[in-house]
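S.K.: Provided herewith is a single structure, encoded as structure tokens, for subsequent inquiry.
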Amino acid sequence: DGTTLAAALGGPPAGARPDLLGRIGAFVELHIEQGRALIDLGAPVGVASGIWPHGRWRFDITGEPNHAGTTRMSDRRDPMLTYAFTVLAANKEARLRGAHATMGRVEVEPNATNAIPARVRGWLDARAADPATLAAVVEAVRAKAAERAARDGTELTLTRESLSDEVTFDGGLIEATRRLLADDVPVLPTAAGHDAGILAGHVPTAMLFVRNPTGVSHSPAESATDEDCVAGVRRLAELLAELSGAGQA
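Mapped onto the working numbering, the consecutive letters of the sequence shown carry residue numbers 309 to 557.
Here's what the structure looks like:
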């Protein structure tokens with residue numbers, strides 16, 4: 309009807325709304341698994357234990373722009389070399405620590421085929437099981453990039469653009485969910501951000517995952533069978549009934 313969310317709330321919220329949060333006893337999110345843990349475990353439904361801490365860091369690497377055809381290799385100060393080394397370093401350091409690191413976004417100036425770049429700007433998305441491991445991955449990548457920049461004659465600046473803390477879901481809700489499913493239901497962490505991660509700081513929160521046969525996320529290849537989706541919805545309904553007291557009737 310044209311009513312904005314801000315208007316429905318009585319004005320744009322400047323932060324948490326205790327008057328609204330106080331009406332929420334618990335929040336349970338049902339989501340397709342963004343990974344393939346459940347398919348490997350042979351389980352249609354799982355329970356989330358929490359969300360890995362994660363963040364994004366911007367690497368600005370500057371060098372000396374010049375002509376690709378006339379500049380000797382020994383005379384170059386090519387920021388693309390530093391960036392390429394940084395991408396490989398991120399992959400290695402994350403693997404060594406059981407973490408995730410991705411450099412999937414890059415901007416190049418002037419972005420010409422026959423020009424040595426003046427600047428390369430790339431973003432690191434890093435995630436790990438705990439804050440200490442995450443910090444260690446980022447610091448290791450930074451150190452490797454700085455070492456390579458010194459060799460290439462380039463300059464490196466690292467800027468943290470975002471950081472989301474570790475989220476641990478409500479233990480009571482996790483146990484209630486496990487009782488409804490089975491004692492041996494898989495409990496697994498997720499490295500992806502979710503709505504439940506935002507609300508977990510305010511109300512008791514839990515998540516259910518439905519098996520994803522491909523393990524692919526945010527892609528047309530992401531899928532779940534009808535049977536598994538029904539199983540997930542039924543488990544969600546059973547949990548909500550228990551939480552509301554309806555399951556005790």
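Even for Gly, the Cβ is constructed at its ideal location relative to N, Cα and C.
Since this is a predicted model, take the numbers as computed values, not measurements.
Mind checking which residues open and close the beta strand (DSSP E) that includes residue 413?
M.R.: Taking the sequence shown and counting its residues from 1, one reaches residue 413 at position 105. Per DSSP, residue 413 belongs to the beta strand (DSSP E) from 408-417.
S.K.: Taking three-plus beta-carbon pairs below 8 Å as touching, is the segment 334-354 in contact with the segment 464-477?
M.R.: As far as the Cβ criterion goes, the segment 334-354 does not touch the segment 464-477, which means the pair count is below three.
S.K.: Alpha carbon to alpha carbon, how far is residue 429 from residue 483?
M.R.: Within the sequence shown, residue 429 is the residue found at index 121, counting from 1. Within the sequence shown, residue 483 is the residue found at index 175, counting from 1. Residue 429 and residue 483: Cα-Cα distance of roughly 45 Å.
S.K.: Can you give the beta carbon distance from residue 543 to residue 488, rounded, assuming they're within the 8 Å contact cut?
M.R.: Translated into positions along the sequence shown, residue 543 becomes position 235. Translated into positions along the sequence shown, residue 488 becomes position 180. That belief holds up - the Cβ atoms of residue 543 and residue 488 are roughly 6 Å apart, short of 8 Å.
S.K.: For residue 525, which three-state DSSP category applies?
M.R.: Counted from its first residue, the sequence shown places residue 525 at position 217. Residue 525: coil per DSSP, three-state reduction.
S.K.: Starting from residue 498, trace the beta strand (DSSP E) both ways and give me its first and last residue.
M.R.: For the purposes of this step, residue 498 is identified with residue 190 of the sequence shown, where counting begins at 1. Residue 498 -> beta strand (DSSP E) spans 495-498.
S.K.: Buried or exposed for residue 362, please, with buried defined as at least 16 other CB atoms from any protein chain shown within 10 angstroms of its CB.
M.R.: Stepping through the sequence shown from its first residue, residue 362 is reached at position 54. By the 10 Å Cβ count, residue 362 comes out buried.
S.K.: Residue 547 and residue 336 look like a contact to me (Cβ under 8 Å); what is the Cβ gap, rounded to whole Å?
M.R.: Here the question's residue 547 lines up with position 239 in the sequence shown. Here the question's residue 336 lines up with position 28 in the sequence shown. About 6 Å; that satisfies the 8 Å criterion.
S.K.: Would you be able to state if there are at least three C-beta pairs under 8 Å between the segment 517-524 and the segment 372-390?
M.R.: The answer is no - the segment 517-524 does not touch the segment 372-390, with fewer than three Cβ pairs under 8 Å.
S.K.: Is it buried or exposed for residue 354, if we count other Cβ within 10 angstroms and need 16 for buried?
M.R.: Within the sequence shown, the letter at position 46 stands for residue 354. When all chains shown are included, residue 354 counts as buried.
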